[in-house]
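If you use UniProt numbering, the sequence shown corresponds to residues 1 to 904, in order. In this text, a Cβ means the ideal position worked out from N, Cα and C, and glycines have one as well. Written out below as structure tokens is the structure these notes cover.
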Amino acid sequence: MGNAPSQHSDHTWHGLTAQQALDTQQSSTSGLSQEEAELRLQRHGPNRLPPPKRRGPLLRLLYQFHNVLLYMMMAAALVTALLGHWVDTGVILAAVLINVVIGFIQEGKAENALDAIRNLLSPHALVMRDGERREIDADQLVPGDIVLLASGDKVPADLRLLSVKNLLVEEAALTGESLPAEKSMAHCQADAALGDRRCMAYSGTLVASGQASGVVVATGAGTELGRIGAMLQQVQTMTTPLLRQIEQFSRWLALAILIFAMATFALGTFWHGQDPAEMFMMVVALTAAAIPEGLPALMTVILALGVQRMAGRNAIVRRLPAVETLGSVTVICSDKTGTLTRNEMTVQRLVSASRVLDVSGVGYAPTGAFHLDAALVEPDAALLEVARAATLCNDAQLQQDAAGSWRLQGDPTEGALHTLALKAGLDTPTLNQQLPRSDSIPFESEHRFMASLHHDHQGHGVIYLKGAPERLLEMCSGQRDADGGVQPLDADYWRRQATDLAARGLRLLAIASRAASASQRSLSFADVEQDMTLLALVGIIDPPREEAIAAVAECQRAGIRVKMITGDHAETARAIGAQLGIGVGLPAMTGAELELLDERSLREVLPGVEVFARASPEHKLRLVQAMQASGEVVAMTGDGVNDAPALKRADVGVAMGDKGTEAAKEAAEVVLADDNFATIAGAVREGRAIYDNLKKFILFALPTNGGQALIVIIAILFQLTLPLTPAQVLWINMVTSVTLGLALAFEPAEPGLMDRPPRAPNEPLLSGFFVWRVLLVSLLMAGAGIGLFLWELQQGTGLDSARTMALNAVVMCEVFYLINSRRIFASVFSLDGLFGSRAVLLAIAACLVLQALYTYAPPMQRLFNSTPLDLGQWTRVVLAGLAVFVIAELEKWLIRRLRLQPNG
Ligand code: ATP
Numbered sequence: 001m002g003n004a005p006s007q008h009s010d011h012t013w014h015g016l017t018a019q020q021a022l023d024t025q026q027s028s029t030s031g032l033s034q035e036e037a038e039l040r041l042q043r044h045g046p047n048r049l050p051p052p053k054r055r056g057p058l059l060r061l062l063y064q065f066h067n068v069l070l071y072m073m074m075a076a077a078l079v080t081a082l083l084g085h086w087v088d089t090g091v092i093l094a095a096v097l098i099n100v101v102i103g104f105i106q107e108g109k110a111e112n113a114l115d116a117i118r119n120l121l122s123p124h125a126l127v128m129r130d131g132e133r134r135e136i137d138a139d140q141l142v143p144g145d146i147v148l149l150a151s152g153d154k155v156p157a158d159l160r161l162l163s164v165k166n167l168l169v170e171e172a173a174l175t176g177e178s179l180p181a182e183k184s185m186a187h188c189q190a191d192a193a194l195g196d197r198r199c200m201a202y203s204g205t206l207v208a209s210g211q212a213s214g215v216v217v218a219t220g221a222g223t224e225l226g227r228i229g230a231m232l233q234q235v236q237t238m239t240t241p242l243l244r245q246i247e248q249f250s251r252w253l254a255l256a257i258l259i260f261a262m263a264t265f266a267l268g269t270f271w272h273g274q275d276p277a278e279m280f281m282m283v284v285a286l287t288a289a290a291i292p293e294g295l296p297a298l299m300t301v302i303l304a305l306g307v308q309r310m311a312g313r314n315a316i317v318r319r320l321p322a323v324e325t326l327g328s329v330t331v332i333c334s335d336k337t338g339t340l341t342r343n344e345m346t347v348q349r350l351v352s353a354s355r356v357l358d359v360s361g362v363g364y365a366p367t368g369a370f371h372l373d374a375a376l377v378e379p380d381a382a383l384l385e386v387a388r389a390a391t392l393c394n395d396a397q398l399q400q401d402a403a404g405s406w407r408l409q410g411d412p413t414e415g416a417l418h419t420l421a422l423k424a425g426l427d428t429p430t431l432n433q434q435l436p437r438s439d440s441i442p443f444e445s446e447h448r449f450m451a452s453l454h455h456d457h458q459g460h461g462v463i464y465l466k467g468a469p470e471r472l473l474e475m476c477s478g479q480r481d482a483d484g485g486v487q488p489l490d491a492d493y494w495r496r497q498a499t500d501l502a503a504r505g506l507r508l509l510a511i512a513s514r515a516a517s518a519s520q521r522s523l524s525f526a527d528v529e530q531d532m533t534l535l536a537l538v539g540i541i542d543p544p545r546e547e548a549i550a551a552v553a554e555c556q557r558a559g560i561r562v563k564m565i566t567g568d569h570a571e572t573a574r575a576i577g578a579q580l581g582i583g584v585g586l587p588a589m590t591g592a593e594l595e596l597l598d599e600r601s602l603r604e605v606l607p608g609v610e611v612f613a614r615a616s617p618e619h620k621l622r623l624v625q626a627m628q629a630s631g632e633v634v635a636m637t638g639d640g641v642n643d644a645p646a647l648k649r650a651d652v653g654v655a656m657g658d659k660g661t662e663a664a665k666e667a668a669e670v671v672l673a674d675d676n677f678a679t680i681a682g683a684v685r686e687g688r689a690i691y692d693n694l695k696k697f698i699l700f701a702l703p704t705n706g707g708q709a710l711i712v713i714i715a716i717l718f719q720l721t722l723p724l725t726p727a728q729v730l731w732i733n734m735v736t737s738v739t740l741g742l743a744l745a746f747e748p749a750e751p752g753l754m755d756r757p758p759r760a761p762n763e764p765l766l767s768g769f770f771v772w773r774v775l776l777v778s779l780l781m782a783g784a785g786i787g788l789f790l791w792e793l794q795q796g797t798g799l800d801s802a803r804t805m806a807l808n809a810v811v812m813c814e815v816f817y818l819i820n821s822r823r824i825f826a827s828v829f830s831l832d833g834l835f836g837s838r839a840v841l842l843a844i845a846a847c848l849v850l851q852a853l854y855t856y857a858p859p860m861q862r863l864f865n866s867t868p869l870d871l872g873q874w875t876r877v878v879l880a881g882l883a884v885f886v887i888a889e890l891e892k893w894l895i896r897r898l899r900l901q902p903n904g
């Protein structure tokens, strides 16, 4: 090819006319050919922004040293070195290093998990290729591609607009201007500022409303967004309220411990007159023992792994704090179509002014026929007129693929209408040639109709209109009679028929038409507001998803109310709701009724309503606000651009990944890859499980530090020889944090998790129960450690042997306590409770191997002064662990017995 199309903005694209821009890009309105697009893709590279610069691995490793605790440990290493305790210096430095490496690996793990999730959210673009509309991954776009935009889309590349219909674009990402900018076709001054270039749509901005097409003039780093280096991908902060709480807690704890340690040192040396060097070693042991160094890092890993697990089940978390909020959700407000129902629509009934026809067949395949009271009816002129309107006033495309199955691109409601037309024997492509579309008003949930204007080749014009019956009844003055004439509209008849169809759970559409003049080439609202002729009503079946029925029941058991908010007819909504177990026996409320209520009365009636019909996005926002005002934690689903405010306002905004707009996804915390209600219920369960695992981990980890600290403190208080040297304390910390603690990250949801009520959102982490449990287990561990240490000393086995016993006792207690920790309140006395987690068993095995090495490997013996233990000693060690296990279970039993636990 001669001149390559331009990628960079060396052209002032906004200064060119649409045609000039097309010419420069060597493209046309029917788009590039697939081959040409592939060639250009090779030349220009994918339409992606270079990933944000990350710190290099070395820097990231070094950054791990930047931690108060590690500073303290390094200072301790320095002092021990000065004192000549070389072994301790070595071990402390090794501990620092191991900490750094673990932190480094864990951070990498967490980041990879989140990266993988980010990649799941890659946007799509609708383009013209080879003269056909096609949906492709946005990163496959090349300069010269023709992109079609609709409301809610994120503009996928820089575009020179070619056609524009009421296009409003939110350009805040680029210009900072919060009001949407109105776009038009006319080219502008070459020196116009970015925000004034009305004929351009820039990558990363959002289509607030309207439709447009445009030719790609720049992709990837060549776009304006790429040039200002803004990040297209959202940045995940790797923290949540609970994590922040813990981080703060460990910082305070570290400070408190430091002060305590210094006081102990001062007291010991100056008051008790102890040897400063020895006292210093004690204090180092104490700090090493008491500070939970691995806590925040490990919690991040637990969170990231949980989020990854959720992504595997189709719930993509865009903002990490949502994981915690999910666990305390009390109300889920869900859309109906596609989320609770299958979104596989089939027209089942067709009602005209004179008769009611049944339509047979299921799915999009056009196998089926029309029946009147079981007798076959051949399509007549009246039926063909309805079918023609249905398939022409339609933005979807239904095609048969090579394998013979029917594939739909676009709205399933419209797909059902194409199938209807095919069943009537119409051929849509031929029709489209005979009656090409001159203009249209696309469907929006707000106005609930779609209209299109067509002209045949003789210049006869016709307007087709389809939409919600209530809406169309206002727009029609006549109805088509059996002989093709027009009668005055019998609104009562149609209302009765509509109610009848809706009560069967069918989704309703009315279809109307009107002749238009040859000269009319554009369509406005005023053209369809009156004097239309109603042709028919169609009833469309959209069965509930089986899994949604089960998920609704599960949520209700879990104390979560499920509300359905739909644009559908009240009767349809109630009928479908009843099949799903939502709002059974309760009245449905329509958007119009909702509008009549003030805030207070709305709040009062809300608990008694579960089905909201004919509701629009503003109603969603009001509902969220009213429920939040009553103290509910609300999850709200949405897909359209206008749902964004409600999604943002909800505690957990849930966007549809498949049919949802980019605008909705950006506003949401969670995106459902499969648009399925069951996935929301699954995400709530997973959210609860992650929160539980974090709590379990804290409950497991803190007593380790508590127990060791108590051992050292008791030794100092009673002026005993230290049962654990600083090096040994660090060994315990390492062994347990590398092996045992991590196992809890893989803990699956507890069986009864969805049988208990939601967690109170303001439930403090360090509740009285937490303090009690940590203290109890700390005391038990300290008791086991000191007890065995003193017993051994009394038996005269020597200090090193006694210390080996103390260390093994503490570790063994933790091994057993890890099993206790798999359930916070429930008993683990079951096959699943004891052996159900492979991660736990593996961790225990690894830990035991490390302990065997510690006790028997000569280099370890040299380093830590450990000595071999005999069978009797091992028995005592295991018995100590077992005792902790039994007492911990007893405590749970007591709590269950006395019903002291906060949650069911
Ligand atoms: P949900 O909010 O649960 O997704 P919904 O899909 O039924 O509900 P809308 O898409 O807002 O809500 O549809 C509302 C009404 O508008 C429908 O009941 C139908 O009568 C009408 N309608 C739906 N789709 C179209 C369309 N493509 N063209 C014309 N009218 C439509």
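Let's test the definition: count the other Cβ atoms within 10 Å of the Cβ of residue i and tell me whether it reaches 16, buried, or not, exposed.
i	result
Ile259	exposed
Pro703	buried
Leu831	exposed
Gln234	At Gln234, the pLDDT of 44 sits below 50, so the modelled position is not reliable; the number obtained from the coordinates is stated separately. With fewer than 16 other Cβ atoms within 10 Å, it is exposed.
Arg822	buried
Ala743	buried
Met262	exposed
Ile560	buried
Ser440	buried
Phe835	exposed
Glu632	buried
Gly741	buried
Leu871	exposed
Arg600	exposed
Please find out if some non-hydrogen atom of the ligand ATP comes closer than 7 Å to the beta-carbon of residue i.
i	result
Met185	no
Lys466	yes
Thr679	no
Val567	Position check: residue 567 holds Gly in this sequence, whereas Val was assumed. Yes, the Cβ of Gly567 comes within 7 Å of a heavy atom of the ligand ATP.
Glu414	yes
Met450	yes
For residue i, which of helix, strand or coil comes out of DSSP?
i	result
Ile441	strand
Trp893	helix
Leu724	coil
Ala515	strand
Gln458	coil
Lys423	helix
Arg133	strand
His124	strand
Tyr71	helix
Gly796	coil
residue 906	A question about residue 906 goes unanswered here, because the residues of the chain that appear run from 1 up to 904.
Met185	coil
Tyr464	strand
Pro336	Reading off the sequence shown, one finds Lys at residue 336, where the question assumed Pro. It is coil, neither helix nor strand.
Gln628	helix
Pro758	coil
What does residue i pair with, by DSSP beta-bridge criteria?
i	result
Trp406	Gln400
Gly539	Arg349 and Leu508
Lys154	Leu206
Glu170	Leu206
Cys476	Met532
State yes or no: is the beta carbon of residue i nearer than 8 Å to at least one beta carbon in chain B?
i	result
Pro469	Any reference to chain B falls outside this structure, which holds one protein chain only.
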